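First the structure, in the form of C-alpha cells, and then the observations on it.
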Amino acid sequence: MTRAPKSPAPPRRLPDALTVLSWCGVPALAIVLLGTIAGDGRSLHLGRDEGLAAPLGMVAAAVLLALPVGWAGRRPVQVLGVLLAEAVGLQAYGERTWPPLLAAVVLVFYITVTRSQRTGAVAAGSVLITWGVTDLADTPGADLLNAFKVPSAHWVVITFIAWILGSWIRLRQHHAETLRAQVVIQAVQAERLRIARELHDMVAHSVGVIAIQAGAAARVIETQPAGAREALKAIEFTGRDTLAGLRRMLVALREADGDGGRTAPAAGLADIEKLLAVAGDAGVHVDIRWRGEQRPLPAEIDLSAYRIIQESLTNVLRHAGATTCRIDVDYVEDGLAIEVLDDGRGGAGTGAGSGYGIVGMRERVGLLHGQFSAGPGPEGGFRVAARLPV
Numbered sequence: 055m056t057r058a059p060k061s062p063a064p065p066r067r068l069p070d071a072l073t074v075l076s077w078c079g080v081p082a083l084a085i086v087l088l089g090t091i092a093g094d095g096r097s098l099h100l101g102r103d104e105g106l107a108a109p110l111g112m113v114a115a116a117v118l119l120a121l122p123v124g125w126a127g128r129r130p131v132q133v134l135g136v137l138l139a140e141a142v143g144l145q146a147y148g149e150r151t152w153p154p155l156l157a158a159v160v161l162v163f164y165i166t167v168t169r170s171q172r173t174g175a176v177a178a179g180s181v182l183i184t185w186g187v188t189d190l191a192d193t194p195g196a197d198l199l200n201a202f203k204v205p206s207a208h209w210v211v212i213t214f215i216a217w218i219l220g221s222w223i224r225l226r227q228h229h230a231e232t233l234r235a236q237v238v239i240q241a242v243q244a245e246r247l248r249i250a251r252e253l254h255d256m257v258a259h260s261v262g263v264i265a266i267q268a269g270a271a272a273r274v275i276e277t278q279p280a281g282a283r284e285a286l287k288a289i290e291f292t293g294r295d296t297l298a299g300l301r302r303m304l305v306a307l308r309e310a311d312g313d314g315g316r317t318a319p320a321a322g323l324a325d326i327e328k329l330l331a332v333a334g335d336a337g338v339h340v341d342i343r344w345r346g347e348q349r350p351l352p353a354e355i356d357l358s359a360y361r362i363i364q365e366s367l368t369n370v371l372r373h374a375g376a377t378t379c380r381i382d383v384d385y386v387e388d389g390l391a392i393e394v395l396d397d398g399r400g401g402a403g404t405g406a407g408s409g410y411g412i413v414g415m416r417e418r419v420g421l422l423h424g425q426f427s428a429g430p431g432p433e434g435g436f437r438v439a440a441r442l443p444v
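Next comes the structure, spelled out in C-alpha cells:
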C-alpha cells in the first residue's frame, strides 16, 4: 500500500516592513528613555548609592516602557493609549515625558494616514490633552499662562503638523483609489460596448440574411422546390455559423472564470469569402478587389475590417435594394483602406433600420484612431469608407 505524498508545508510568511520598522523603534526609544532617566541621575528614584541595581533598574525600566512600540504597526491605536499612559506615569514619578509623547506624535501621523478621519482627530486630541495634563500638573496657578509659551507650546505645533500631513497623504491615497476605480469602470464599460458591437454585427447580419432567404423560399416553394431547398440550406448554414460565433464569444467571456477550453480564432479578412457567398445566395452580386501587398494585420485591425464589411453588406441586403456591390480592400503603407459601394437607394443605409450599424462602425474606427465616412455614393447608391491605421 503506497502512502500518499505529503503536501509541502506552506512557506513561512515574512514580516512586513512596517512590523520590522516598529520593532526597530523599540531600542531607539529605549535608548532615548535611558538617556533622559540617567541624565537626571534618578533612575526612577533609585539612588546612586544602591550600586549595580541602579543602572540595571534604569535599563529594565527603559526597555519595558519602549516595548509596546513594537506592536505599533498592527495596533497603533492601542499602542498610542499605552504611550500616553506612560507619559502620565513618568510625570507622576517626576521624569521627563517628551520621549513617549514624541513617539505618540509619530503614531498620530500613522493613524491619520491609515485610519478614518475621526480616529485621526481623536488621536491628535488625545495627545494634546495628555500634554496639557502633564505640562500643567506642576505649574502653579499664577503661571498657567506661561505653560502655553515657548518651548512648551511646540507640542501643539508638531501634533497639528503630524495630523495635517497625515490627512493630506490620506486624501491623496483616497483620490488615487478613486481614479483607479474610475479606470476600472471605464474599462468595463468599454468592454460592454465592444461586446454589444460584436453581438449587433453578428446577429444583425445573420438575421437579415435569414429573413431574405426565408422570404425567397416562401415565394418559390410551390413553383421552384429546388430554389426553395437552396434557400433553406443557406438559412441553415447562416444559423449554424451564427451559433458557432456566439459560442466562441461566450466561451471567451467565461475564460475569466477559469474555463481553459480552446476557442476558435476570431473572424478576419480571411473569412470574407463566406460573406460573399451568403450575399450571392441572397441575390446580390459582390465584386471584391484586393490592392497592395497583402500582409498579416494586428488582430483588432483584422477583426474590425471584417466587421465593417459584414455590417456594410448587411445594410445592402436589408435596406439598399441593391443588385451589385463592390468592395475595395487596399493594403496601404500605413494601414488598411476599405470602401464598400452599392447600386441601391442612396441614403437608405442611414435610416432607422441601420442607424446602429453605422454608429457601431464609426465607433470601431474611432477606437482605432482611424477615419470613417458613410453616405450617398458619387454615382448613386451608398458608400462606406474606412481607413484603419496600423
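Just so we're aligned, residue 55 is where the sequence shown starts under my numbering, counting upward by one. Positions of the beta carbon are idealized from the N, C-alpha and C atoms, including for glycine. These numbers come from a predicted model, not from an experiment.
Local Cβ density within 10 Å of residue i, reported as buried at 16 or more and exposed below that
| i | result |
| --- | --- |
| P443 | exposed |
| V74 | exposed |
| Q471 | The structure shown does not extend to residue 471, since the chain is modelled only from 55 to 444, so the question has no answer here. |
| D313 | Bear in mind that a pLDDT of 45 at D313, under 50, signals an unreliable position, so the number given afterwards is only what the model happens to contain. That one is exposed. |
| Q364 | buried |
| Q267 | buried |
| W217 | buried |
| E104 | Legend: pLDDT at E104 = 48, less than 50; position of this residue unreliable, value from coordinates given subsequently. It counts as exposed. |
| V211 | exposed |
| I412 | buried |
| P154 | buried |
| Y147 | exposed |
| S170 | exposed |
| G334 | exposed |
| T232 | exposed |
Boundaries (first-last residue) of the alpha helix (DSSP H) holding residue i
| i | result |
| --- | --- |
| V131 | P130 to A146 |
| G334 | I326 to D335 |
| V167 | W152 to T168 |
| R372 | First-last for R372: undefined, no H or E at that position. |
Pick from the options that is closest to residue i, judged by C-alpha positions
| i | options | result |
| --- | --- | --- |
| T377 | A336, L421, A321 and V211 | A336 |
| W77 | P130, G89, A115 and P109 | P130 |
| E387 | V162, Q348, A282 and R251 | Q348 |
| E284 | T296, A324 and A331 | A331 |
| Y164 | W222, L323, T232 and G334 | W222 |
| E393 | R343, T184 and I212 | R343 |
| G424 | A440, V142 and R380 | A440 |
| G127 | E327, L390, A158 and L88 | A158 |
| L421 | E354, G431 and T168 | E354 |
| P122 | M112, L138 and L110 | L138 |
| R248 | V167, T213, M415 and A175 | M415 |
| V370 | I183, A272, L395 and D189 | L395 |
| T296 | H339, R273, E252 and P279 | E252 |
| V383 | P430, I326 and G435 | I326 |
| H339 | G179, L72 and G375 | G375 |
| T184 | L225, H208, V142 and I215 | V142 |
| I362 | D255, L87 and L286 | D255 |
| K287 | E276, T277 and A271 | A271 |
| L144 | T188, I275, V113 and G174 | T188 |
| A177 | W152, G220, H208 and R150 | G220 |
Residues sharing a beta bridge with residue i, DSSP
| i | result |
| --- | --- |
| D382 | R343 and E393 |
| R441 | A391 and Q425 |
| G434 | P432 |
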